[in-house]
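Working notes, beginning with the structure itself.
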Amino acid sequence: MDFLLILLQLFSAFLVAPLFDGIARKLRAKFQSRIGPNIFQTYYDILKLAKRGRTKPECSSLIYQISPYLLFLSSAMMFCLLPVTYGADSYFARISDVLLFIYLAAMFRFIFIISGIDTGNAFGAVGSSREATIGVYSECIVIMCLIVVMLGIGTSNLVEISNAIRAGEYGYFIPSFAIASTAFIWMMYVETGRKPYDLAEAEQELQEGVLGEYSGKDLSIMGLSLMLKQFSMLGLFLVIFEPWNFDNPILALIVFILEIGILYVLVVFIDNFGPRFTMSKGVRKTLIFPFAIACSAIFCFILGV
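One rule links them: number in the numbering used here = place in the sequence shown (from 1) + 1.
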């Protein structure tokens, strides 16, 4: 039964993620006084690409060919680690761990980076370098926030963390936890790929240089994997900082998916009215603030508050 619920959790994410992406694209177009695509356009794009043939650069290796599938597997595993349809009595609770989630997220980024470099495309290499730069800053801040939570509760198990916060043993009444949640949700915004960190409306832009040589089924798999990874990161915030208590796993899954979708769409409001920086200015002007907030959370935790 637990295995079927995990499959349902994963299938629901794959089914709903393109819909919320389409809604976000439609809202962005409305803010820019455009008609915009249909809210189901992302589904059409994925299906259209899946029917097309594959291309392969002459200088690429096996890494180029297997990267889409590795990205798919790592993003799927990340979402399955989130304890939505299972609890402490489930077998999967043993592997639902914050550290394993971080490793999978780091592996996803690493595969994404080397897939762009392996193409031999200059735009792919620059895009991969940009992705690596953002990762160096964002992953450091995420880990600092999670350290506050893990050391405060005394475990890295996501199920136990959620149960402790729902029971009121740990939560926003502790200043270090509240401060860490602020920096963490900031980093989740970064992971969704919005301005000023990433906004590639056209494939020829440097941000999308990593995907420049991919086409057909490979590109559709990578696009779906990126959406699921974004859903997983937002879901991690909800599991740790905003856990809900539902005895019915189906109801818990529905509410969880809706919460992620709402967060995914709401960031469009920030994205549409935010500035767009160059890479150096984006890091210097924006990522330094969540880093300072995360350091404050660590400092408060050391002081015992």
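Ideal Cβ positions, reconstructed from N, Cα and C, are used throughout, including at glycine.
- Nearest in C-alpha terms to residue 304, of all of 247, 51, 149, 261, is 149.
- CA-to-CA, the gap between residue 143 and residue 151 works out to about 12 Å.
- Residue 68 and residue 44 have their C-alpha atoms roughly 22 Å apart.
- Residue environment: residue 87 is assigned as buried (16 or more neighbouring CB atoms within 10 Å of its CB, all protein chains considered).
- At least 8 Å separates the beta-carbon of residue 159 from that of residue 85.
- Note: residue 158 is bridge-paired with 98 in the DSSP secondary-structure output.
- Taking the Cβ atoms as the reference, residue 263 lies roughly 15 Å from residue 14, outside the contact range of under 8 Å.
- Collapsing the DSSP output to three states places residue 175 in coil.
- With contacts defined by Cβ atoms closer than 8 Å, residue 129 and residue 117 form a contacting pair.
- Of the residues 189, 249, 22, 173, the one whose Cα lies closest to the Cα of residue 233 is 189.
- In its chain, beyond the 5 residues on either side, 26 have a beta carbon closer than 6 Å to the beta carbon of residue 38.
- When 72, 33, 231, 168 are compared, the shortest CA-CA separation from residue 274 is found for 33.
- C-alpha of residue 186 to C-alpha of residue 141: approximately 14 Å in a straight line.
- For residue 273, the enclosing alpha helix (DSSP H) stretches over residues 250-274.
- Under the three-state reduction of DSSP output, residue 27 falls in the helix class.
- Scanning its chain for C-beta atoms nearer than 6 Å, with the 5 sequence neighbours on each side dropped, one finds around residue 213 the residues 122, 124, 125, in chain order.
- If you draw a straight line from the Cα of residue 24 to the Cα of residue 41, it is about 8 Å long.
- Scanning its chain for C-beta atoms nearer than 6 Å, with the 5 sequence neighbours on each side dropped, one finds around residue 269 the residues 25, 28, 29, in chain order.
- Rounded to the nearest whole angstrom, the C-alpha separation of residue 48 and residue 76 is 19 Å.
- Sequence-distant partners of residue 236 (beyond 5 residues in either direction) whose C-beta falls short of 6 Å from its own C-beta, in its chain, are 83, 261.
- In the structure shown, residue 55 adopts coil according to DSSP, grouped into three states.
- Non-local beta-carbon contacts of residue 65 in its own chain, meaning distances under 8 Å to residues more than five positions away in sequence, involve 57, 58, 116, 119, 120, 214 in chain order.
- Its Cα nearest to that of residue 63, the residue 112 stands out among 35, 112, 104.
- For the set 225, 146, 90, 22, the Cα lying nearest the Cα of residue 300 is the one of 146.
- Our two residues, residue 50 and residue 225, have alpha carbons roughly 11 Å apart in a direct line.
- Per DSSP, the continuous alpha helix (DSSP H) segment holding residue 75 begins and ends at 63-81.
- If you check the CB distance, residue 3 and residue 70 do not come in under 8 Å.
- Going by DSSP, residue 121 is part of no alpha helix (DSSP H) at all; its letter is neither H nor E.
- If you look at residue 219, you'll find it in the alpha helix (DSSP H) that goes 217-242.
- The residue from 302, 289, 294, 254 with its alpha-carbon nearest to that of residue 16 is 254.
- A Cβ-Cβ contact shorter than 8 Å links residue 244 with residue 163.
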